[in-house]
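Using this note's numbering, read the sequence shown as starting at 30 and increasing by one per residue. Below is one structure, written out as structure tokens; the observations come after it.
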Amino acid sequence: MSSFSIKTCEQCGCKLVCKPLEINQCQCYQIVLTESQRAYISNNFKDCLCRNCLLQVVQLVN
């Protein structure tokens with residue numbers, strides 16, 4: 030099994046590398062989300078967002 034996969038960000042469509050088996054090396058690892066931000070993502074997306082889109086969620090959703 031590969032330790033990473035290439036995914037497409039559901040928000041902007043860019044390609045990203047998802048590393049669920051090496052989460053501390055994944056592009057999303059250091060982004061801290063509040064419960065409301067997690068809920069927003071869960072309610073609006075089914076898969077990964079890129080780092081830039083995650084940071085946009087942090088700025089837009091309180």
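We put the CB at the ideal spot given by N, CA and C, even for glycine. Here the structure is a predicted model, which is why all the values come from computation and not from measurement.
Opposing strand residues paired with residue i [DSSP bridges]
i: Cys-47; result: Ser-34
Status (buried if at least 16 other CB within 10 Å, exposed otherwise) for residue i
i: Ile-52; result: exposed
i: Cys-41; result: exposed
i: Leu-89; result: exposed
Sub-8 Å separation of residue i and residue j beta-carbons
i: Asn-91; j: Ser-65; result: yes
i: Cys-55; j: Cys-47; result: yes
i: Ile-70; j: Val-87; result: no
i: Leu-45; j: Ile-60; result: no
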